[in-house]
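As structure tokens, the structure follows; a few thoughts come after it.
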Amino acid sequence: HLSKPRIKDGIIENWEHDLRAVARHPNMYCKLSGMVTEAHWSNWSPAQLQPYVDIALDAFGPDRLMFGSDWPVCELAGTYQQVFDALRECLSSLSQPERDRIFGGTAIDFYGLNA
């Protein structure tokens, strides 16, 4: 769950330090999930999630990041579709192949799935 950043409080520094330490190990991967329940449940926005997504993307890259909805827990703060759309917005500056990795390709490789 992206190491449970304190999005609601806007705290990044310690979380970023620890996440980057994990990312230095090439066998470590990260799921972009669980963010909306770490933000203000009733009024979060993709803009609140963006700095955390950017740090994870910089630390792991598209080949070691994968989408995770955190469903059904995400329903405390938003629907599956809202979570998906928010992450899609946060990743809109990436190329289509990079987004394809995060929204499926990385998970296929990581879990050894046949696709």
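For the sequence shown, my numbering gives the first residue as -16, with consecutive numbering after it.
Built from N, CA and C at the ideal position, the CB exists for glycine as well.
**Item:** Cβ-Cβ distance between Ser52 and Tyr63 below 7 Å
**Value:** If you check the CB distance, Ser52 and Tyr63 come in under 7 Å.
**Asked** Is the CB-CB distance between Leu(-15) and Leu70 below 7 Å?
**Response** In this structure, Leu70 does not lie closer than 7 Å to Leu(-15) by Cβ.
**Request:** Just mark Ala39 as buried or exposed, buried being the case when its beta carbon has 16 or more other beta carbons within 10 Å.
**Result:** Its Cβ being crowded by 16 or more others within 10 Å, Ala39 is buried.
**Request:** Starting from Leu15, follow its DSSP beta bridges and name the residues at the other end.
**Result:** Phe50.
**Prompt:** Where Gln31 and Gly95 are concerned, what is the direct C-alpha to C-alpha distance, given to the nearest angstrom?
**Reply:** Their Cα atoms are separated by approximately 33 Å.
**Request:** Return the residue from the list Leu77, Leu2, Thr20 that minimises the CA-CA distance to Tyr12.
**Result:** The residue with the shortest Cα to Cα distance from Tyr12 is Leu2.
**Request:** Identify every run of the beta strand (DSSP E) within the stretch 41 to 95, keeping only runs that are complete inside it and at least 3 residues long; order them along the chain.
**Result:** Taking only runs of at least 3 residues, the beta strand (DSSP E) segments lying wholly in the stretch 41 to 95 are 48 to 50.
**Asked** When DSSP labels each residue in this structure, what does Ile(-6) get in the three-state scheme?
**Response** DSSP, read as helix, strand or coil, puts Ile(-6) in strand.
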